[in-house]
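S.K.: Numbers given in the numbering used here equal positions in the sequence shown, counted from 1, plus 31.
Virtual Cβ for every residue (Gly too), placed ideally from N, Cα, C.
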Amino acid sequence: MSHTFHIPVLGLGFSIDTPLKVARYGISSAISIVDDELVERIREYHAKQNGIEYIAIPKSADNARARRITAYLNLVESLVSQQVAELKKLPFVLNNDLCRYFELLPDGSQLKQGYELMMDYPDGERKTIFQNILRRSIKVGSIDVNIMAKVDKMNFNADGEYLGDENTDALAALRGFAESNLQSSVVLSAGMNPRLYSYLENFDCFLPDSEGKFSKKIILKVSDFRSALIQAKFLAKKGLWVSEFRVESGLNCGGHAFATEGYLLGPILEEFKQKRETMVDELFELYKPAMLQKRLELLPIPAQRISVQGGIGTSEENDFMMDYYQLDGTGWGSPFLLVPEVTNVDDQTLTQLTNATEADFYLSGASPLGILFNNFKQSSAETQRLERLEKGRPGSPCTKKYLCTNTEFTEKPICTASREYQNLKIKQIQGLALPQEEYEEQFNAITEKICLCEGLCSSTYIKYDIVKRKESKAVAICPGPNLTYFSRIYSLEEMVMHIYGKIDLLKTVQRPNIFIKEIDLYIDYLKTDIQNHFKDLTEKKKKSLHKFKMQLQEGLNYYKTLFEKLPWQATFNMEDLFLALTTSENKLNTIVITD
């Protein structure tokens, strides 16, 4: 790979076409394919922008969801291929796209070193030969797709007949990717879905060719070693190889937050490091018989990458993660929301993000999925939610129905952010004669939900000026806590140079180390969890809380040992690190779980 970092999926619309902006420079990124309506509208937009005939695929068409996704991914692949072909034709003149490709590469890259050597060559035949070798060495960034495995709504036709398992949201999205021309990876996130994982077996593109190469790879986004191994074993038994584990911090990340049971990022990465080779061998032993059963030639063990994402903010942290934990890459997500040439954030939201304070980024119950969600207090979606409450009209119109999971009041699932659900739920609690404090708590929990299907797309529609009449312009955005330390708009060059340590965008910013920040996020999470269960603390929950606190303490002990044994003096201020760690430990020790 050209670069050592990738750009993970960002919401729904924020990175929907990021590959069109960075893939030609060798930077890999991921597209969300949850929303086929968004996918279809962005396909129309880019087709028209590039003078390509656009033939609509109506929602009512047969196999529409998968076909829409395939058509869009094929368009992106075609446009990126065209960009790269044009880039390769350019002369080596500073500031054009060809030189930009090489200038963005990390200094340790052999290709970058070769480019710099070539630029010093005198003009002549040898220089021309050298330039042609460099052109042939250009690698395109991977155009990956992301599927939230458990966002898998069942679908019905106009007569109310179930369209079958193969047409649930997640399976249809997977089929759309599998049938596309892309040679890239599907990133499966948000937990294991056995039905979806089994469906992968239907597509030969996930199997190696005669040379052991995969045209399409499987990446699992995971938050701990145990779940990674369980999921990978399930797939290996079916002859499906996991080509990469993307380890993400449970809380120090953007989007939905999947808190671990107190396991911190450092100890998790340590476990991956210590057990990496054993895991590969164990998975291959399960993979071999499955391959033989498929009558496929057994080749050497396929490669397996491990990367990390969530909360990395400096080149020192990036390099430490790569070197100490022997990783193959890192993910940088939220900071790219402030890079307009890479992501789709409308001007108003960009301004709000650059002026935000730490208190504006918070962990919320806003997601209809019932999963913690990193929210932004200043977003127009949050403003709209509060305005609707003032008018006595809580909830959102539900048009897309991707997150319809609740059957508490209806036979067909509805969304907990919808006006229909919130009205029904509020009426229910009004009839319970609850004490005022308890009623307000429940009311606030019900009405905190926001429409993510619309909100996570609207910024893109605003930026591209394709908002439909009567369509909401309220923007929901879900940055990780790390974004608070980046406070202006940046260019692609600036952000890449920051990642690789050529410049320091946070030089004057007081920012906690990534490990310390995550510890404090988990301590706050534990405090909130105790508070939420204060009145109904069962024995089972009590044990869970004690285990959580114990795991945090073990994580703190791990960092003490880590900080003491490593010669970080040249990179990190050790005195500040130990002081911050002691402060966090003192905060943890003040937490009392009722016996």
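1. Would DSSP call E279 helix, strand or coil?
2. Let me check understanding here. Comparing Cα to Cα, which of N437, C484 and D354 lies closest to L300?
3. Taking D607 as the reference, give the member of R257, K591, W272 and F351 with the closest Cα.
4. Leaving aside the five residues before and after V540 along the sequence, list all residues of the same chain whose C-beta is less than 6 Å from its C-beta, in chain order.
5. With distances taken between CB atoms, is the gap from A387 to Q415 smaller than 8 Å?
6. Would you mind reading off the limits of the alpha helix (DSSP H) that contains R98?
7. Kindly indicate which residue of E595, D183 and G42 has the alpha-carbon position closest to the one of M223.
8. How close, in whole Å, do the beta carbons of L536 and Y521 come, if the pair is a contact with beta carbons under 8 Å?
9. Excluding the five sequence neighbours on either side, which residues of its own chain have a C-beta within less than 6 Å of the C-beta of S112, listed in chain order?
10. What's the C-alpha gap between A95 and P320?
11. Taking all protein chains shown into account, decide if Y318 is buried (16 or more other Cβ within 10 angstroms of its Cβ) or exposed.
12. Starting from H529, trace the beta strand (DSSP E) both ways and give me its first and last residue.
13. Under 8 Å, do Y294 and F265 count as touching if we go by C-beta distance?
14. Using the C-alpha atoms, what's the distance from I624 back to A390?
15. In this structure, does DSSP put V623 in helix, strand or coil?
16. Tell me whether P239 sits in a helix, a strand or coil according to DSSP, three-state version.
17. Check whether the segment 175-190 touches the segment 57-76, taking contact to mean three or more Cβ pairs, one atom from each stretch, closer than 8 Å.
18. Tell me whether the beta-carbon of I249 lies closer than 8 Å to the beta-carbon of L231.
19. Which parts of the segment 165-212 are runs of the beta strand (DSSP E), unbroken and 3 residues or longer, counting only runs that do not cross its ends?
20. Could one say the Cβ of T625 lies closer than 8 Å to chain B's Cβ atoms, at least one of them?
21. Kindly indicate which residue of E292, T345, G362 and H287 has the alpha-carbon position closest to the one of G396.
22. Could you tell me the distance, in whole angstroms, from the CA atom of L110 to the CA atom of E485?
23. Please check the pair S246 and E328, which I expect to be a contact at CB under 8 Å, by giving their CB distance rounded to whole angstroms.
24. Looking only at its own chain, which residues have a Cβ that is under 7 Å from the Cβ of Q600, when we skip the five neighbours before and after it?
25. Within the same chain, show all residues whose beta-carbon is closer than 7 Å to that of T614, passing over the 5 residues directly before and after it, in chain order.
26. Between Q453 and the rest of its own chain, which residues show a CB-CB distance below 8 Å, the 5 nearest in sequence each way excluded?
27. Out of N475, L465, D93 and V373, state which residue places its alpha-carbon closest to the alpha-carbon of L417.
28. Work out the CA separation of P399 and T430 for me, nearest whole Å.
29. Just confirm the distance between the C-beta atoms of V373 and K52, as a whole number of angstroms; I'd bet it's less than 8 Å.
30. With burial defined as no fewer than 16 other Cβ atoms inside 10 Å of the residue's Cβ, what is the status of N127: buried or exposed?
31. Sorted by chain position, which residues of the same chain lie with C-beta nearer than 6 Å to R166's C-beta, five sequence neighbours on each side aside?
32. Starting from the C-beta of H34, find all residues in its chain whose C-beta is less than 6 Å away, skip the five residues before and the five after it, and write them out in chain order.
33. Per the DSSP calculation, T361 is bridged to which residue(s)?
34. What is the C-beta distance between G13 and K548, in whole angstroms, given that I count them as a contact (C-beta under 8 Å)?
35. Can you tell me which residues form a DSSP beta bridge with K252?
36. Based on the DSSP secondary-structure assignment, which residues constitute the bridge partners of V218?
M.R.: Reading it off the structure:
1. Stepping through the sequence shown from its first residue, residue 279 is reached at position 248. DSSP places E279 in strand when its eight states are reduced to three.
2. Taking the sequence shown and counting its residues from 1, the one referred to as residue 300 is at position 269. Of the listed residues, the one whose Cα sits closest to L300 is D354.
3. Numbered from its first residue, the sequence shown carries residue 607 at position 576. Closest by alpha carbon: K591.
4. For this step, residue 540 is matched to residue 509 along the sequence shown. Hits under 6 Å: Y516.
5. Position 356 of the sequence shown, counting from 1, holds the residue named residue 387. Position 384 of the sequence shown, counting from 1, holds the residue named residue 415. Cβ distance not < 8 Å, so A387 and Q415 don't count as in contact.
6. Residue 98 sits at position 67 when you count from the first residue of the sequence shown. Per DSSP, R98 belongs to the alpha helix (DSSP H) from A95 to K120.
7. Numbered from 1 along the sequence shown, position 192 holds the residue referred to as residue 223. When only C-alpha atoms are compared, the closest one is D183.
8. Walking along the sequence shown from the start, residue 536 turns up at place 505. Walking along the sequence shown from the start, residue 521 turns up at place 490. The pair is a contact, with the Cβ atoms about 7 Å apart (cut-off 8 Å).
9. Counted from its first residue, the sequence shown places residue 112 at position 81. So no residue of the chain qualifies.
10. Walking along the sequence shown from the start, residue 95 turns up at place 64. Walking along the sequence shown from the start, residue 320 turns up at place 289. C-alpha separation (whole angstroms): 36 Å.
11. Indexing the sequence shown from 1 puts residue 318 at position 287. Y318 should be labelled buried.
12. Taking the first residue of the sequence shown as position 1, residue 529 is located at position 498. Taken as a continuous stretch (DSSP letters only), H529 belongs to no beta strand (DSSP E), being part of the alpha helix (DSSP H) at L523 to I530.
13. On the sequence shown, residue 294 is found 263 positions in, with the first residue counted as 1. On the sequence shown, residue 265 is found 234 positions in, with the first residue counted as 1. Against a cut-off of 8 Å, the Cβ pair of F265 and Y294 comes out as no contact.
14. Your numbering for residue 390 matches position 359 in the sequence shown. Your numbering for residue 624 matches position 593 in the sequence shown. The straight-line gap from Cα to Cα measures roughly 26 Å.
15. By one-based count along the sequence shown, residue 623 stands at place 592. In this structure, V623 counts as coil in the three-state DSSP scheme.
16. On the sequence shown, residue 239 is found 208 positions in, with the first residue counted as 1. DSSP places P239 in strand when its eight states are reduced to three.
17. yes
18. Residue mapping note: residue 249 aligns to position 218 of the sequence shown, counting from 1. Residue mapping note: residue 231 aligns to position 200 of the sequence shown, counting from 1. Going by C-beta atoms, I249 is nearer than 8 Å to L231.
19. 174-179
20. The question asks about chain B, but that chain is absent: this structure has only one protein chain.
21. Walking along the sequence shown from the start, residue 396 turns up at place 365. The option with the nearest alpha carbon to G396 is H287.
22. What you label residue 110 is simply residue 79 of the sequence shown in a count that begins at 1. What you label residue 485 is simply residue 454 of the sequence shown in a count that begins at 1. Going from the Cα of L110 to the Cα of E485 covers about 27 Å.
23. Taking the first residue of the sequence shown as 1, we reach residue 246 at position 215. Taking the first residue of the sequence shown as 1, we reach residue 328 at position 297. 16 Å between Cβ atoms; not a contact.
24. Reading the sequence shown from its first residue, position 569 is the one you call residue 600. The predicted model places Q600 with a pLDDT of 49, which falls under 50 and marks its position as unreliable; any figure quoted below should be read in that light. For Q600, where only same-chain residues beyond five positions count, there are no Cβ hits under 7 Å.
25. Counting from one through the sequence shown, the residue named residue 614 turns up at place 583. Result list for T614: empty, nothing under 7 Å.
26. Along the sequence shown, read from residue 1 onward, the residue named residue 453 stands at position 422. Around Q453: P425, G426, T447, I477, T478 and K480.
27. Working through the sequence shown from its first residue, we reach residue 417 at position 386. For the residues N475, L465, D93 and V373, the minimum Cα distance to L417 belongs to N475.
28. By 1-based counting over the sequence shown, the position of residue 430 is 399. By 1-based counting over the sequence shown, the position of residue 399 is 368. Whole-angstrom Cα-Cα distance: 14 Å.
29. The residue labelled residue 373 in the question sits at position 342 within the sequence shown. The residue labelled residue 52 in the question sits at position 21 within the sequence shown. Right, the Cβ-Cβ distance comes to about 5 Å (below 8 Å), so this counts as a contact.
30. The sequence position of residue 127 within the sequence shown is 96, counting from 1. Exposed, because fewer than 16 other Cβ atoms sit within 10 Å of the Cβ of N127.
31. The residue given as residue 166 occupies position 135 in the sequence shown. Excluding sequence neighbours, R166 sits near K119.
32. Reading the sequence shown from its first residue, position 3 is the one you call residue 34. If we look at H34 and ignore the five residues flanking it on each side, its Cβ neighbours are G57 and I58.
33. Working through the sequence shown from its first residue, we reach residue 361 at position 330. DSSP output for T361 lists F36 and V339 as bridge partner(s).
34. The requested residue 13 is not part of the displayed model; the chain covers only 32 to 626.
35. Position 221 of the sequence shown, counted from the first residue, corresponds to residue 252. In DSSP, K252 forms a bridge with R277.
36. Along the sequence shown, read from residue 1 onward, the residue named residue 218 stands at position 187. According to DSSP, V218 bridges with N177 and I250.
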